[in-house]
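Below is one structure, written out as C-alpha cells; the observations come after it.
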Amino acid sequence: MMRIVLCCAAGMSTSMLVSKMQHAALGRGLEIDIKAVPVAEFERILPDADVVLLGPQVQFEAARLTAIAAPQGKSVAVIDMMDYGMMRGEQVLDKALALHTA
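For reference, each letter of the sequence shown is one residue, going -24 to -1, 1 to 78 in mature numbering (1 follows the signal peptide of the UniProt record, and there is no 0).
Shown next as C-alpha cells:
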C-alpha cells in the first residue's frame, strides 16, 4: 500500500485536501494511506512515507527536507499553489502517484 504524507505548518489546513485525495483514490480503486502532519514531524514520519507533499506555505523547507529524504529513497515535492488553494484532490493525487513511480 502506498503511503502519502502531506506536511503543512500545523497539519490542519491539509486535512480537507487529504479527504479529497482519499475520495479520488477510492474512486479509482486505489488503496492508499494518506495523512496530514505538521512539518515539524517530518523526520518522525519519513520512514513510514513513500511520498511527502509539502503545502505551499512551507515550500521554503523543500530543499532541506529533500536532502533529508533523498538518502532514504523518498520523494518530496511542493503541492501546486492553485491545486492546494482549490483543494484539487485529483491533481494532487496524480502528482503523488507520479513521484512514487519516478
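Even glycine gets a Cβ: it sits at the ideal position worked out from N, Cα and C.
Return the CA-CA distance between SER(-10) and ILE44, expressed in angstroms with no decimal places.
24 Å
With DSSP collapsed to three states, give me the class of ASP9.
strand
Going by Cα to Cα distance, which pick from LEU2, ARG40, ALA53 is closest to VAL(-20)?
ALA53
Out of curiosity, what's the CA-to-CA distance linking VAL13 and ALA(-16)?
8 Å
With distance defined between alpha-carbon atoms, name the residue in LEU30, SER51, ASP26, MET(-23) nearest to GLY5.
MET(-23)
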